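Per this note's numbering, residue 221 is the first one in the sequence shown, and the count goes up by one each step. First up is the structure itself, then whatever we jot down about it.
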Amino acid sequence: MTSAPPSASPWWAPHVHADRRPRLMTRNRIAASLRAWFAARDFVEVEAAILQVSPGNEAHLSAFATTAIGPDGAEHPLYLHTSPEFACKKLLAAGEPRLFSLGPVYRNRERGALHHPEFTMLEWYRAGESYDSLMRDCADLLRLAAETAGTGTFLWRGIEADPFAEPERLTVAEAFRRQAGIDLLATVAPDASTDRAGLAAALGEAGIRTAPDDTWADLFSRVMVERVEPALGRGRATILCEYPIPEAALARPSPADPRVAERFELYACGVELANAFGELTDPAEQRRRFAAEMDEKERVYGERYPLDEDFLRALAQMPEASGIALGFDRLVMLATGARRIEDVIWTPVAEFPSAEFPRAGSPR
């Protein structure tokens with residue numbers, strides 16, 4: 221018995237490719253423009269090894285696992301990286317002051333209009349510079365992508381944003397007040413402990429559903445997804461900054477308020493484009509945060525990933541730095557008006573029709 225033919229033409233069908241090709245060529249031009257922009261500012265392009273001991277230690281990121289077999293036949297577990305972050309930070313520790321990576325990363329359990337199992341990430345770091353410098357970089361790169369694509373407007377699902385306008389800067393606390401009437405920081409203590417009951421009560425008053433087994437982080441995410449994110453990046457890009465410490469596992473605390481961290485995310489047309497940190501360089505604190513993230517991952521998914529001990533050793537030598545990861549495919553998608561991320565990927569990953577993928581995950 222033969223299987224039924226697919227209902228839609230594959231991406232490699234000549235007529236489908238002819239329709240996709242203009243956006244793919246724009247993708248290439250934007251990549252070249254970005255590389256030239258970084259080179260003009262003395263950044264070194266690096267190629268991070270894709271196979272890593274740890275794929276990252278964030279609770280809701282899922283990795284692809286594989287096995288390395290040594291010459292002696294011994295087996296060693298490895299993962300396809302979810303970000304080049306650990307490798308890039310090791311290079312910062314080695315003495316590289318400015319670096320960037322533009323290459324593929326891999327995330328399991330993710331597929332949809334904005335998600336793909338393999339996608340391209342632009343990640344860059346500035347040693348000795350604040351994360352405010354990354355905010356300026358973001359504004360420059362939005363303009364550059366638009367100029368290269370020959371457009372004056374970013375567009376997705378009917379939502380527009382002017383890539384040439386100065387991005388709005390908005391704190392997470394202000395976004396919660398504005399979109400849900402919730403005083404978020406009233407539920408976060410200076411020692412980063414959280415008041416789950418207080419946040420649940422605030423969600424109830426705002427008419428947002430809760431469940432008895434929701435954690436504080438679950439409640440935070442629900443407000444973000446249902447109320448905050450859809451309102452961001454309309455008319456112009458939004459820089460959403462000062463995330464609560466529990467939602468910034470790799471960022472250092474803000475000197476102005478120990479309840480929040482030096483983390484921001486960039487949004488345009490309601491789409492998250494980038495995730496940035498004033499980088500944490502305390503290996504003991506980083507180990508503690510990773511352990512907490514893996515405890516949560518084990519609670520939710522029944523698995524945990526190993527720590528990269530080499531990374532923690534390098535962190536002790538890493539200079540103060542700021543770093544950011546930007547979803548390159550999403551940027552191209554907005555600049556070309558594409559409907560979904562696969563429209564701007566040269567060779568999409570094969571689909572599995574029976575699978576259902578959660579709409580989760582961030583560029584970093």
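Note that beta-carbon positions come from the ideal geometry of N, C-alpha and C, so glycine has one too. Only a predicted model underlies this, so the values are computations on that prediction, with no experimental measurement involved.
Under 8 Å between C-beta atoms of residue i and residue j
i, j, result
"Val-273", "Pro-304", "no"
"Ala-545", "Glu-349", "no"
"Phe-284", "Leu-300", "yes"
"Leu-281", "Thr-302", "yes"
"Val-552", "Arg-247", "yes"
"Ala-314", "Leu-298", "no"
"Val-480", "Glu-499", "no"
"Gly-418", "Ala-406", "yes"
"Glu-278", "Glu-518", "no"
"Phe-510", "Ala-496", "no"
"Ala-400", "Ala-426", "yes"
"Pro-410", "Pro-478", "yes"
"Asp-549", "Thr-391", "no"
Closest by C-alpha distance to residue i, when choosing among the options
i, options, result
"Asp-382", "Cys-489, Leu-311, Ala-400, Glu-529", "Cys-489"
"Thr-556", "Ala-431, Ala-395, Glu-386, Arg-377", "Arg-377"
"Glu-386", "Arg-356, Thr-368, Cys-461, Arg-429", "Arg-356"
"Arg-255", "Ala-294, Ala-279, Glu-295, Ser-321", "Ser-321"
"Ile-402", "Leu-460, Asp-528, Leu-439, Met-538", "Leu-439"
"Gly-276", "Glu-562, Arg-507, Leu-405", "Arg-507"
"Glu-394", "Asp-549, Leu-460, Asp-292", "Leu-460"
"Arg-371", "Phe-384, Asp-360, Ala-259", "According to the sequence as given, residue 371 is Thr; it is not Arg. Thr-371 has its Cα closest to that of Phe-384, out of Phe-384, Asp-360, Ala-259."
"Glu-540", "Glu-316, Phe-374, Pro-526", "Glu-316"
"Glu-529", "Pro-503, Glu-516, Asp-549", "Pro-503"
"Glu-388", "Arg-416, Asn-328, Thr-458", "Thr-458"
"Glu-380", "Pro-450, Asp-434, Thr-340, Thr-391", "Pro-450"
"Leu-164", "Glu-330, Phe-531, Thr-567", "Any property of residue 164 remains undetermined from this structure, which presents the chain solely from 221 to 584."
"Trp-257", "His-296, Tyr-351, Ala-238, Glu-367", "Glu-367"
"Phe-572", "His-237, Asn-328, Ala-260", "Asn-328"
"Ala-369", "Met-538, Tyr-525, Ala-252", "Ala-252"
"Glu-505", "Arg-533, Tyr-487, Val-491", "Arg-533"
"Glu-482", "Trp-231, Asp-352, Ala-259", "Asp-352"
"Asp-433", "Leu-404, Glu-516, Pro-526, Ala-468", "Glu-516"
"Val-445", "Pro-473, Arg-524, Tyr-487, Trp-566", "Tyr-487"
"Val-491", "Ala-259, His-237, Gly-293, Leu-375", "Leu-375"
Assumed close pair residue i, residue j - CB separation to whole angstroms, cut-off 8 Å
i, j, result
"Val-443", "Leu-423", "7 Å"
"Pro-466", "Thr-430", "With 8 Å as the limit, Pro-466 and Thr-430 do not qualify as a contact, their Cβ atoms being about 17 Å apart."
"Thr-501", "Leu-535", "6 Å"
"Leu-354", "Ser-542", "5 Å"
"Gly-547", "Leu-493", "6 Å"
Contacting residues, own chain, Cβ-Cβ under 6 Å from residue i (five flanking each side not counted)
i, result
"Arg-579", "For Arg-579, the predicted model reports a pLDDT of 43, less than 50, meaning its position is unreliable; a value from the coordinates is still stated below. Contacts found: Gly-332."
"Ala-558", "Arg-243, Val-564"
"Val-569", "Pro-337, Glu-338"
"Ala-365", "Ile-250, Leu-551, Ala-555"
"Val-408", "Thr-414, Pro-464, Arg-479"
"Met-538", "Lys-309, Leu-312, Ala-313, Thr-501"
"Val-236", "Ser-229"
"His-296", "Ala-288"
"Thr-286", "Leu-298"
Residue i - containing alpha helix (DSSP H), residue span
i, result
"Met-175", "Examination of residue 175 is not possible in this model, given that the chain is present from 221 through 584 alone."
"Gly-543", "First-last for Gly-543: 541-547, but that is the beta strand (DSSP E), not the alpha helix (DSSP H)."
"Asp-438", "436-443"
"Asp-433", "Where Asp-433 is concerned, there is no enclosing alpha helix (DSSP H), given that its DSSP letter is neither H nor E."
"Ile-561", "Counting along the chain, Ile-561 falls outside any alpha helix (DSSP H), and DSSP gives it neither H nor E."
"Phe-531", "529-535"
"Leu-623", "With the chain covering 221 to 584 only, the question about residue 623 has no answer from this structure."
"Ile-250", "234-259"
Sequence-distant residues of the same chain with beta carbon closer than 8 Å to residue i, five excluded per side
i, result
"Leu-319", "Phe-263, Val-264, Glu-265, Val-266, Cys-308, Leu-311, Leu-312, Trp-344, Tyr-345"
"Arg-520", "The question names Arg, but residue 520 in the sequence shown is Val. Taken in chain order, the residues that qualify are Ala-279, His-280."
Chain-order list of residues whose beta-carbon lies under 7 Å from that of residue i (same chain, five-residue window excluded)
i, result
"Ala-269", "Ala-307"
"Ser-223", "For Ser-223, the predicted structure reports a pLDDT of 43, less than 50, and the residue's modelled location is therefore unreliable. A value from the coordinates is still provided. Nothing listed; no residue qualifies."
"Ala-421", "none"
"Arg-560", "Ala-333"
"Ala-233", "none"
"Arg-524", "Met-514, Lys-517, Glu-518"
"Glu-562", "His-336, Pro-568"
"Asp-239", "none"
Unbroken beta strand (DSSP E) run spanning residue i, endpoints
i, result
"Val-491", "491-498"
"Tyr-345", "338-347"
"Trp-376", "374-376"
"Pro-324", "318-326"
"Ile-289", "284-289"
"Phe-484", "483-488"
"Tyr-521", "Run containing Tyr-521: none in the beta strand (DSSP E); it sits in the alpha helix (DSSP H), 503-521."
"Arg-389", "388-391"
"Glu-295", "295-300"
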